[in-house]
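Q: Have a look at the structure that comes next, please.
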Amino acid sequence: MQQPGYDFSSEENSSKWRGLFVQALRKVQLQVHPNLSANEDALQHIEELILQLLNMLCVSQPRTVPDVEERIQKTFPYPIDKWAMADAQSAIEKRKRRNPLLLPVDKIHPLLKEVLGYKIDYHVSLYIVAVLEYISADILKLAGNYVGNIRHFEISQQDIKVSMCADKVLMDMFDQEEVGLVSQCAEGDSTTGELTYDDLVRLEMAEERQYLRELDLIIKVFHRAFLSSSKLFTPQDVELVFSNILEVHELTVKLLGLIEDAVEMTEDGSPHPLVGSCFEDLAEEQAFDPYETLSQDILSKEFHDHFSSLMSRPTVALHFQSIAEGFKEAVQYVLPQLMMIPVYHCMHYFELLQQLQERSKDHDDREHLKQAQTALLNLQSSIERIYSKHQPRRKQG
Numbered sequence: 001m002q003q004p005g006y007d008f009s010s011e012e013n014s015s016k017w018r019g020l021f022v023q024a025l026r027k028v029q030l031q032v033h034p035n036l037s038a039n040e041d042a043l044q045h046i047e048e049l050i051l052q053l054l055n056m057l058c059v060s061q062p063r064t065v066p067d068v069e070e071r072i073q074k075t076f077p078y079p080i081d082k083w084a085m086a087d088a089q090s091a092i093e094k095r096k097r098r099n100p101l102l103l104p105v106d107k108i109h110p111l112l113k114e115v116l117g118y119k120i121d122y123h124v125s126l127y128i129v130a131v132l133e134y135i136s137a138d139i140l141k142l143a144g145n146y147v148g149n150i151r152h153f154e155i156s157q158q159d160i161k162v163s164m165c166a167d168k169v170l171m172d173m174f175d176q177e178e179v180g181l182v183s184q185c186a187e188g189d190s191t192t193g194e195l196t197y198d199d200l201v202r203l204e205m206a207e208e209r210q211y212l213r214e215l216d217l218i219i220k221v222f223h224r225a226f227l228s229s230s231k232l233f234t235p236q237d238v239e240l241v242f243s244n245i246l247e248v249h250e251l252t253v254k255l256l257g258l259i260e261d262a263v264e265m266t267e268d269g270s271p272h273p274l275v276g277s278c279f280e281d282l283a284e285e286q287a288f289d290p291y292e293t294l295s296q297d298i299l300s301k302e303f304h305d306h307f308s309s310l311m312s313r314p315t316v317a318l319h320f321q322s323i324a325e326g327f328k329e330a331v332q333y334v335l336p337q338l339m340m341i342p343v344y345h346c347m348h349y350f351e352l353l354q355q356l357q358e359r360s361k362d363h364d365d366r367e368h369l370k371q372a373q374t375a376l377l378n379l380q381s382s383i384e385r386i387y388s389k390h391q392p393r394r395k396q397g
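Numbers 1 to 397, taken from the UniProt record's numbering, label the letters of the sequence shown in order.
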């Protein structure tokens with residue numbers, strides 16, 4: 001049987017894994033972007049991401065390559081599942097001649113016995129590592145393209161986070177992975193690899209705080225830069241670029257406060273914190289509606305045309321260049337990607353409510369969550385309709 005709740009982040013285990021991939025990831029980075037470098041934080045962040053994926057692949061107790069393939073098909077979004085499997089199959093075939101991988105299969109193979117609780121064939125380890133290398137190369141390729149766009153020469157951790165936000169396929173993969181992740185949480189249900197209600201609430205609080213930092217970045221850095229020159233930008237210009245981001249920020253502060261209060265007020269006899277009413281109250285007040293406006297605005301052709309028109313003005317370029325070196329490029333390439341984050345975050349709420357309802361052990365709380373879902377049905381279908389028109393198409397290479 002799999003070691004109960006094998007935790008990659010525990011003190012005992014993390015020392016075995018920490019830094020194991022970093023040197024090899026530097027080689028992967030040079031392979032996909034020979035003219036760039038990556039700092040240590042960036043490579044450590046990718047290491048954390050691929051350890052999460054490794055855990056997700058091991059939760060299903062694979063013993064053969066078809067077992068791993070089945071897990072990939074169930075958990076990786078299309079089309080990255082097909083590409084990752086094709087790459088891994090190719091690695092197995094090439095192994096007959098030489099070791100084709102940069103990631104250290106020989107070091108990972110014996111460690112997988114500890115993770116799974118049983119020994120697997122070397123070629124199964126090779127296949128798993130090939131999948132991890134494919135995903136890490138994909139992330140580094142994406143981040144490198146973004147860094148090249150803003151005319152920098154080093155990939156940072158922030159560059160990876162921002163570039164991934166703009167990639168729906170990678171976002172989907174890591175969103176799915178957060179649920180069913182034993183390694184992140186000691187209290188997880190180790191038999192299924194699923195998180196408990198408690199875990200989901202704790203993760204959600206952390207996620208909301210991170211999301212607030214991203215909204216603060218949009219408002220305090222970019223929004224302020226537009227407001228600082230009323231001669232260059234009319235109020236309509238600002239609204240077209242930022243939509244109702246301030247309302248979204250206000251809602252996020254409110255929601256996080258309600259969840260924190262609910263956790264603090266958990267009674268001794270309660271099976272877990274009860275956050276259903278937090279969502280129901282806000283949903284019935286139609287407090288989530290600003291997300292519909294923002295999605296409609298940010299995904300519209302008008303937004304892109306207006307933004308391109310603004311950025312093509314020499315006076316606008318000079319204004320942003322005068323704020324800081326590289327700031328014009330940051331506005332041009334980073335801001336549109338950051339403005340997509342609330343759209344993805346709103347979709348995340350719909351999934352979260354379903355997950356909480358499935359795991360809640362309190363009847364009233366389940367009812368509150370159900371009512372919140374019902375109240376948000378129209379918003380959900382509207383956002384999904386708006387988004388499906390925009391759906392970014394991923395290109396290989």
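Just so it is clear, CB atoms sit at the ideal spot from N, CA and C, and this is done for glycine as well. All of these numbers come straight from a predicted model, not from anything done at the bench.
Assess, as a yes-or-no matter, whether the segment 348-367 is touched by the segment 223-232 under the definition of 3 or more beta carbon pairs within less than 8 Å.
A: no
Q: When the Cα atoms are used, what is the spatial distance from His33 to Tyr146?
A: Near 11 Å, if we compare the C-alpha coordinates of Tyr146 and His33.
Q: Taking 9 Å as the threshold (C-beta atoms), are Val22 and Glu47 in contact?
A: yes
Q: With DSSP run on the structure shown, which of helix, strand or coil describes Ala287?
A: coil
Q: Using 9 Å as the threshold, is the C-beta distance between His272 and Ser360 below it?
A: yes
Q: Quick one: grab the DSSP three-state call for Glu302.
A: Annotated three-state conformation of Glu302 is helix, per DSSP.
Q: Report the residue from His319, Ala324, Asp362, Ile386 whose alpha carbon sits nearest the alpha carbon of Cys346.
A: Ile386
Q: Please classify Gly276 as buried or exposed, where buried requires at least 16 other C-beta atoms within 10 Å of its C-beta.
A: buried
Q: Can the beta-carbon of Tyr291 be found closer than 9 Å to that of Val248?
A: yes
Q: Who pairs with Ile155 in a beta bridge, going by DSSP?
A: Ala38
Q: Leu25 lies in the alpha helix (DSSP H); which residues open and close that run?
A: For Leu25, the uninterrupted alpha helix (DSSP H) run begins and ends at 22-32, by DSSP.
Q: Which same chain residues, not among the five before or five after Ser382, have their C-beta less than 6 Å away from its C-beta?
A: The beta carbon of Ser382 sits closer than 6 Å to the beta carbons of Glu292 from its chain, once the five residues preceding and following it are set aside; these are given in chain order.
Q: According to DSSP, simplified to helix, strand and coil, what is Asn378?
A: It is helical.
Q: Taking three-plus beta-carbon pairs below 8 Å as touching, is the segment 3-19 in contact with the segment 74-93?
A: no
Q: Determine the direct distance from the alpha carbon of Glu154 to that of residue 414, and round the result to whole angstroms.
A: A question about residue 414 goes unanswered here, because the residues of the chain that appear run from 1 up to 397.
Q: Give the straight-line distance between the Cα atoms of Glu204 and Asp159, rounded to the nearest whole angstrom.
A: 23 Å
Q: Within this structure, are the beta carbons of Ser243 and Leu282 separated by less than 9 Å?
A: no
Q: Report the option in Pro62, Glu133, Asp172 whose CA atom is closest to the CA atom of Ile341.
A: Asp172
Q: Identify, in the order they occur along the chain, each residue of the same chain with its Cβ nearer than 7 Å to the Cβ of Pro336, setting aside the five sequence neighbours on each side.
A: Excluding its 5 nearest sequence neighbours in each direction, Pro336 has C-beta neighbours in its own chain below 7 Å: Phe307, listed in chain order.
Q: Drop a sphere of 10 angstroms on the beta-carbon of Pro66, count the other beta-carbons inside from all chains shown, and report buried for 16 or more, exposed for fewer.
A: Here Pro66 is exposed: its Cβ has fewer than 16 other Cβ atoms, across all protein chains shown, within 10 Å.
Q: Would you say Lys16 and Glu114 are within 9 Å of each other, going by their C-beta atoms?
A: yes
Q: Using CA coordinates, which residue listed in Tyr78, Leu212, Gly144 is at the minimum distance from Glu250?
A: Leu212
Q: DSSP three-state label for Val248, please.
A: helix
Q: Could you tell me whether the Cβ atoms of Phe303 and Val238 are closer together than 9 Å?
A: no
Q: Mapping DSSP to helix, strand and coil, what is Arg63?
A: Coil, per DSSP.
Q: Given Glu384, which residues of its chain have a CB within under 7 Å of its CB, disregarding the five upstream and five downstream residues?
A: The answer is none, since no qualifying residue turns up.
Q: Measuring from the CB of Lys27, is there a heavy atom of the ligand NAP at a distance below 8 Å?
A: The model depicted lacks the ligand NAP and carries no ligand whatsoever.
Q: Measure the CB-CB distance between Leu101 and Leu140 and report whether it falls below 9 Å.
A: no
Q: Quick check for students: name the residue ranges of the alpha helix (DSSP H) that lie wholly in the segment 190-224, counting only runs of 4 or more.
A: Considered as a whole, the segment 190-224 harbours 197-216 as its complete alpha helix (DSSP H) runs of no fewer than 4 residues, in chain order.
Q: Locate the alpha helix (DSSP H) running through Phe242, then write down its first and last residues.
A: 235-242
Q: Which class does Thr315 belong to by DSSP, given the choice of helix, strand or coil?
A: Thr315 falls in the helix class under three-state DSSP.
Q: DSSP state of Glu264, grouped into three classes?
A: DSSP places Glu264 in helix when its eight states are reduced to three.
Q: With a cut-off of 8 Å on the beta carbons, I'd call Ile156 and Asn35 a contact; round off their distance for me.
A: It should be noted that the sequence gives Ser, not Ile, for residue 156. Not a contact, Cβ separation roughly 16 Å.
Q: Please classify Ser312 as buried or exposed, where buried requires at least 16 neighbouring CB atoms within 10 angstroms.
A: With fewer than 16 other Cβ atoms within 10 Å, it is exposed.
Q: Would you kindly report the start and end of the unbroken alpha helix (DSSP H) that includes Val334?
A: No alpha helix (DSSP H) contains Val334, which DSSP labels as neither H nor E.
Q: Quick one: grab the DSSP three-state call for Ala324.
A: coil
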